[in-house]
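Enquirer:
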Amino acid sequence: MKIFKNSINFAQAERIAQGKLIKVNDSIINSAASLEQADNSSIAFFQDRKFFDSFLNSKAGVLIIPKDEDLSKIPQRNYILCEKPYLSFLRIVSFLLEKETESVSGKKVHPSAIIASSVVLPENINISSNVVLEQGVRLGDRVEIDANTVIKKNSQIGKGSHLFPNVVIYPETIIGKNVQIHSGSIIGSDGFGYLWDGKKHQKIPQIGGVIIEDEVEIGANVTIDRGTLGNTIIKKGTKIDNLVQIAHNDIIGENAILCAQVGIAGSSEIGDNSILAGQVGIADHIKVGKKVTIAAQSGVSKNIDDGKVVFGYPATDMKLQRKILMSMRELPEMRKYFHKLMKKDKK
Amino acid sequence: MKIFKNSINFAQAERIAQGKLIKVNDSIINSAASLEQADNSSIAFFQDRKFFDSFLNSKAGVLIIPKDEDLSKIPQRNYILCEKPYLSFLRIVSFLLEKETESVSGKKVHPSAIIASSVVLPENINISSNVVLEQGVRLGDRVEIDANTVIKKNSQIGKGSHLFPNVVIYPETIIGKNVQIHSGSIIGSDGFGYLWDGKKHQKIPQIGGVIIEDEVEIGANVTIDRGTLGNTIIKKGTKIDNLVQIAHNDIIGENAILCAQVGIAGSSEIGDNSILAGQVGIADHIKVGKKVTIAAQSGVSKNIDDGKVVFGYPATDMKLQRKILMSMRELPEMRKYFHKLMKKDKK
Amino acid sequence: MKIFKNSINFAQAERIAQGKLIKVNDSIINSAASLEQADNSSIAFFQDRKFFDSFLNSKAGVLIIPKDEDLSKIPQRNYILCEKPYLSFLRIVSFLLEKETESVSGKKVHPSAIIASSVVLPENINISSNVVLEQGVRLGDRVEIDANTVIKKNSQIGKGSHLFPNVVIYPETIIGKNVQIHSGSIIGSDGFGYLWDGKKHQKIPQIGGVIIEDEVEIGANVTIDRGTLGNTIIKKGTKIDNLVQIAHNDIIGENAILCAQVGIAGSSEIGDNSILAGQVGIADHIKVGKKVTIAAQSGVSKNIDDGKVVFGYPATDMKLQRKILMSMRELPEMRKYFHKLMKKDKK
């Protein structure tokens, strides 16, 4: 159950849900919950018939239900009738969450934060405990920086962005507006580049940067390396799950989806709106087109054209790969038969 | 070599080891070590005959050795004769480690810790440097929170639990008794859920929680996401290795073993006592039964019944998969033969 | 673009680049950049002909170009003619970076750092905000410890080493000279070892240590576990990329390369100069020889001899594996044919 700082009444809920309110009493809502966890200050939703019993037993103050539900067969309670109950529920939750974010007003800076002399803080900002902001850091309006996060020199964070606790931003990183970076993520660490000089691995200095565009969301414990000379770029609206590795000079297009534990080697490009499922690996200097879907655990070592759906190792057309996997189950039998034929042949 | 804060004498060691002491002098033990690293204040053990020379040369103050060792053929020294030397050694190490943990007595709170006004600390507790405890956090007796760890609002940590440095616990997380969470792990970050609205990925608010039950151990840099509406749950006694990803609404049964770099997508269930080897991936909405073993790097996209042993991609019965892999080595030869047959056929 | 604290003049640049200066004016250089980003205080290089237009349009103060470039066909500007422009460019960048490191002179300790009473700091050192150094920690000359990094008791860091923000070093860890450890990496957490006693997983105490030898570089969010009894060892000159897992008692040889998301299970050995590409998994108790190359995503469950090049799961000789993968594409067709033959056979 999520308890919000703000509350709404039934009439507001009806309007935001874009539904029709049927009520037996009136109250206010300040929490959202599952059918089981809801109490009389909660809003909950019922959509999937297999949860009908949970619905009947729910203690929610008001329930969003399908608009074609037969009201004569369910108890008289507070309902909002909607075409898509889950979507309407999300609208209400999002409304209440946004109100909380808007409430970053005034300058809240915890006294334990260590802020370099050159940093100018905007009027509306929230800097939490033990945050470190080095020289030259620039923060936009309504930025929130959570406890123990470190932003190194000359980096900038666009307005409305939120960095959760224990994030590290290396120097000269550029982060856009309304970006979310979850705990433990490291942005701008050195790319992995060495030249073998016959005796040891000489480090290739990594002096490029990282650009994270607007509305990107980055999960927990993600690593995004800085470019060698140019920049590593994550374009607008892309969403990155936990424990993903993005190497130096990668360019990730707009609105891409990178699921957990994906790894992309250096200088590769992922096209707009592509989806990489969990644990996918992309080799270096690869171009993945737009609207490509790559199934979980696939390994990509060749360029992929726009719109393709691929999987396996090496990643291949989905239909062919399915046939291959199906055939593999018969491989031991085929092998036996093959040995029999060979034997016959030799006679 | 591990040096303990407490020490024991030979008689105590004999009792804890459940063995028989043979001694030439008397002393105290305050460290445990390998045969090579031990000194005269150390206890060490000898079990595997291939380390016989190391045993003869060891400087350990007392040695745990097999009870059937021929004492006439080895030097006169301090020995504890045991049926299973390694297990007896572990018993002594565990005894000394537990004594250290018990010694969390009195309230130790480093002055740099930032503790919200509503947090009530129990009598026996150890809060280290720069720890941040937000409003509404509740801690049980004998909890240890290491340096730079952040616990966000309304989370609770059960008695005897230990959080290592730089851990982040998101709001409203519930952690049971005697839980260990190693450094860099992130518990309760947002699940990865979006709805494509035709123009951009709309975030699905993640307002569920995380429940970690008693005696769970979590390695370093693990990520466990909060539920979308309900909870992500890790049940009693389960052990999780480093860099594991657990997504929203996953339910991991009791006493499961998740090895390093395992990734489990959302809303999946892992049964009690199942073992997932390193780098295994589980798709979303999958049910893995009880006492299932999944070999390293396997990919699971279908439910798995209780007691099965599977591997490969897609994860298949171990015996079949072995045959398939064996057959694959002959595949190039089979292909050649197949081409020959085809050619003949065409004539 | 990387702006350096120090600058050099053209004559110095000529000498370090080991090239020949041709100049139209004189200035100083305090930054290095790509052709596009360079300004008149920058050095840049031109080597690959496909960037000829960027070269012509570059605003760099001085450009390193191939020594056989026809000067009559390019504008009169400041050039350094070199045999290998990229290498010469790297030499200059490295020179300027080293000067910055050398400039760790004097004792800089941020007042927020929490340093135990027994820690003796050398004359030249840089300890940043909120760093925690516990009892018994020993630091060499010119060590840099970045913000929010925690070094637990009795660990030692050799001279010239640099720990980036939010690193955690567990107790009794030994780190050599000129080691770099990037943000979020955890060194010395407990190995993953349990004994099932029929009712629960009993923890095997992990009382060994970790030794990181000289000139090792460790990426971001890496995890290296301490040994059970002996040590986990990373030998001299080895480079480890982001999100790599190294388990208890592993021994990684000299000058090895471990790419991102590699996972090595317990008690395995990797030989000197071996290269493990991204997402490779190594089972426990495996010996990988020297100068072995393992392709991305491979799974290794058997020992590998010196010099081998392997890939796949299970990792096999590269040539054989390529043939297998090629044959697999024809497998569905082979299967069809096989069914036809079987049918004929039955008649």
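Residue numbers (our numbering), protein chains in the order written: chain H, -7 to 339; chain D, -7 to 339; chain X, -7 to 339. Glycine is no exception: its CB is placed at the ideal position from the N, C-alpha and C atoms.
Which chain D residues are close to H:Q289, counting only those with a beta carbon under 7 Å from its beta carbon?
Expert: Counted from its first residue, the first sequence places residue 289 of chain H at position 297. Going along chain D in sequence order, the residues near H:Q289 (Cβ under 7 Å) are G273, G291, Y305.
Enquirer: What residue range does the beta strand (DSSP E) around X:F(-4) cover?
Expert: Numbered from its first residue, the third sequence carries residue -4 of chain X at position 4. Where X:F(-4) is concerned, the enclosing beta strand (DSSP E) stretches over -6 to 1.
Enquirer: Using the C-alpha atoms, what's the distance from D:I179 back to D:K144?
Expert: Here the question's residue 144 of chain D lines up with position 152 in the second sequence. Here the question's residue 179 of chain D lines up with position 187 in the second sequence. Distance between the alpha carbons of D:K144 and D:I179 is about 10 Å.
Enquirer: If we call anything under 8 Å between Cβ atoms a contact, is D:N116 one with D:R134?
Expert: Locating residue 116 of chain D in the second sequence gives position 124, where the first residue counts as 1. Locating residue 134 of chain D in the second sequence gives position 142, where the first residue counts as 1. Result yes, Cβ atoms of D:N116 and D:R134 sit closer than 8 Å.
Enquirer: Below 8 Å between beta carbons: does that hold for X:I256 and X:A239?
Expert: As a position in the third sequence, residue 256 of chain X is number 264, starting the count at 1. As a position in the third sequence, residue 239 of chain X is number 247, starting the count at 1. In contact: X:I256 and X:A239 (Cβ atoms closer than 8 Å).
Enquirer: Does the beta carbon of X:S319 come closer than 8 Å to any beta carbon on chain D?
Expert: Along the third sequence, one-based indexing puts residue 319 of chain X at 327. Yes, X:S319 lies at the interface with chain D (some Cβ there is under 8 Å from its Cβ).
Enquirer: Buried or exposed: where does D:E261 fall if 16 or more other Cβ atoms within 10 Å of its Cβ makes it buried?
Expert: One-based indexing of the second sequence puts residue 261 of chain D at position 269. Buried: at least 16 other Cβ atoms inside 10 Å.
Enquirer: What number of angstroms, rounded off, separates the C-alpha of D:I107 from the C-alpha of H:L125?
Expert: Residue 107 of chain D sits at position 115 when you count from the first residue of the second sequence. Residue 125 of chain H sits at position 133 when you count from the first residue of the first sequence. Between D:I107 and H:L125, the C-alpha separation is close to 22 Å.
Enquirer: Let me confirm a value: D:V284 is counted as buried when at least 16 other C-beta atoms fall within 10 Å, else exposed. Which label applies?
Expert: Position 292 of the second sequence, counting from 1, holds the residue named residue 284 of chain D. It counts as buried.
Enquirer: If you reduce the DSSP assignment to three classes, tell me which class H:K282 lands in.
Expert: On the first sequence, residue 282 of chain H is found 290 positions in, with the first residue counted as 1. Reduced to three states, the DSSP call for H:K282 is coil.
Enquirer: Output the distance between the C-alpha atoms of H:K335 and D:S290, rounded to the nearest integer angstrom.
Expert: Translated into positions along the first sequence, residue 335 of chain H becomes position 343. Translated into positions along the second sequence, residue 290 of chain D becomes position 298. Cα-Cα distance, rounded: 35 Å.
Enquirer: With a threshold of 8 Å between beta-carbons, can X:L155 be considered close to chain H, or not?
Expert: Residue mapping note: residue 155 of chain X aligns to position 163 of the third sequence, counting from 1. It does not; no Cβ of chain H falls within 8 Å.
Enquirer: Given this structure, state the Cα-to-Cα distance separating X:M326 from D:G281, to the nearest angstrom.
Expert: Within the third sequence, residue 326 of chain X is the residue found at index 334, counting from 1. Within the second sequence, residue 281 of chain D is the residue found at index 289, counting from 1. Taking the straight line from one Cα to the other gives about 35 Å.
Enquirer: Against chain D, does H:S34 count as a neighbour if the rule is that its beta carbon must be under 8 Å from one of theirs?
Expert: Translated into the one-based positions of the first sequence, residue 34 of chain H becomes position 42. H:S34 does not count as touching chain D.
Enquirer: Throw me the rounded Cβ distance for the X:Y71 and X:V85 pair, which I believe falls under 8 Å.
Expert: Within the third sequence, residue 71 of chain X is the residue found at index 79, counting from 1. Within the third sequence, residue 85 of chain X is the residue found at index 93, counting from 1. Not a contact, Cβ separation roughly 18 Å.
Enquirer: Looking at the C-beta of D:H193, does it have a partner C-beta in chain H at a distance below 8 Å?
Expert: Residue 193 of chain D sits at position 201 when you count from the first residue of the second sequence. Interface residue, yes.
Enquirer: Tell me whether the segment 64 to 84 of chain H and the segment 6 to 17 of chain H touch, counting them as touching only if at least three CB pairs, one residue from each stretch, are closer than 8 Å.
Expert: Flag = yes, the segment 64 to 84 of chain H and the segment 6 to 17 of chain H touch.
Enquirer: Could you confirm whether any beta carbon from chain H is found closer than 8 Å to the beta carbon of X:C74?
Expert: Residue numbering aside, residue 74 of chain X sits at position 82 when the third sequence is read from its first letter. No - not a single Cβ of chain H is within 8 Å of the one on X:C74.
Enquirer: Per the DSSP calculation, D:P58 is bridged to which residue(s)?
Expert: The residue you call residue 58 of chain D lines up with position 66 of the second sequence. Answer is D:C74, bridged to D:P58.
Enquirer: Smallest Cα separation from X:I161: which of X:S110, X:W188, X:V214?
Expert: If you number the third sequence from 1, residue 161 of chain X lands on position 169. The candidate whose alpha carbon is nearest that of X:I161 is X:V214.
Enquirer: For a contact defined as C-beta to C-beta under 8 Å, what are the partners of X:V85 on chain H?
Expert: Position 93 of the third sequence, counting from 1, holds the residue named residue 85 of chain X. Going along chain H in sequence order, the residues near X:V85 (Cβ under 8 Å) are P197, I199.
Enquirer: Using the C-alpha atoms, what's the distance from X:N223 back to D:D40?
Expert: Along the second sequence, one-based indexing puts residue 40 of chain D at 48. Along the third sequence, one-based indexing puts residue 223 of chain X at 231. Whole-angstrom Cα-Cα distance: 19 Å.
Enquirer: The alpha helix (DSSP H) with X:Y162 in it runs from where to where?
Expert: For the purposes of this step, residue 162 of chain X is taken as the residue at position 170 of the third sequence. Unbroken run through X:Y162: none, as it is neither H nor E.
Enquirer: List, in order along the chain, the chain X residues whose C-beta lies closer than 7 Å to that of D:A212?
Expert: Position 220 of the second sequence, counting from 1, holds the residue named residue 212 of chain D. Neighbours of D:A212 on chain X, chain order: I178, S181, T215.
Enquirer: Would you tell me roughly how many angstroms separate the C-alpha atoms of D:P306 and H:I316, rounded to the nearest one?
Expert: Reading the second sequence from its first residue, position 314 is the one you call residue 306 of chain D. Reading the first sequence from its first residue, position 324 is the one you call residue 316 of chain H. In a straight line, the C-alpha of D:P306 is about 12 Å away from that of H:I316.
Enquirer: Put D:S34 into one of helix, strand or coil per three-state DSSP.
Expert: Within the second sequence, the letter at position 42 stands for residue 34 of chain D. Three-state result, D:S34: strand.
Enquirer: Is X:G270 closer than 8 Å to X:Q254 when the C-beta atoms are compared?
Expert: In the third sequence, the residue the question calls residue 254 of chain X occupies position 262. In the third sequence, the residue the question calls residue 270 of chain X occupies position 278. The residue you asked about is not Gln; residue 254 of chain X is Val in the sequence shown. Contact: yes.
Enquirer: Comparing the C-beta of D:V124 with each C-beta of chain H, is any distance below 8 Å?
Expert: For this step, residue 124 of chain D is matched to residue 132 along the second sequence. Taking Cβ atoms only, chain H reaches closer than 8 Å to D:V124, which makes this a yes.
Enquirer: What residues from chain D crowd round H:V233, counting only those whose CB sits closer than 7 Å?
Expert: Position 241 of the first sequence, counted from the first residue, corresponds to residue 233 of chain H. Sequence check: residue 233 of chain H is Asp here, not Val. Ordered by position in chain D, the residues that pass the 7 Å Cβ test against H:D233 are F184.
Enquirer: Classify X:L89 as helix, strand or coil using the three-state DSSP reduction.
Expert: Position 97 of the third sequence, counting from 1, holds the residue named residue 89 of chain X. Here X:L89 sits in helix by DSSP.
Enquirer: Within a Cβ cutoff of 7 Å, which residues of the same chain sit near D:I57, ignoring the five residues on either side of it in sequence?
Expert: On the second sequence, residue 57 of chain D is found 65 positions in, with the first residue counted as 1. Taken in chain order, the residues that qualify are F38, Y71, L73, P77.
Enquirer: Taking CB distances under 8 Å as the criterion, tell me whether D:Q39 reaches chain X.
Expert: Reading the second sequence from its first residue, position 47 is the one you call residue 39 of chain D. Answer no: the Cβ-Cβ gap between D:Q39 and chain X never drops below 8 Å.
Enquirer: Quick one: is H:E136 near chain X, going by C-beta distance under 8 Å?
Expert: For the purposes of this step, residue 136 of chain H is taken as the residue at position 144 of the first sequence. It does not; no Cβ of chain X falls within 8 Å.
Enquirer: Would you kindly work out how many angstroms separate the C-alpha atoms of H:E92 and H:I(-5), rounded to a whole number?
Expert: Translated into positions along the first sequence, residue 92 of chain H becomes position 100. Translated into positions along the first sequence, residue -5 of chain H becomes position 3. So the two alpha carbons sit approximately 11 Å from each other.
Enquirer: To the nearest angstrom, report how far apart H:I267 and D:D45 are at their CA atoms.
Expert: One-based indexing of the first sequence puts residue 267 of chain H at position 275. One-based indexing of the second sequence puts residue 45 of chain D at position 53. The straight-line gap from Cα to Cα measures roughly 58 Å.
Enquirer: Taking buried to mean at least 16 other C-beta atoms within 10 Å of its own C-beta, is X:N265 buried or exposed?
Expert: Position 273 of the third sequence holds residue 265 of chain X. It counts as buried.
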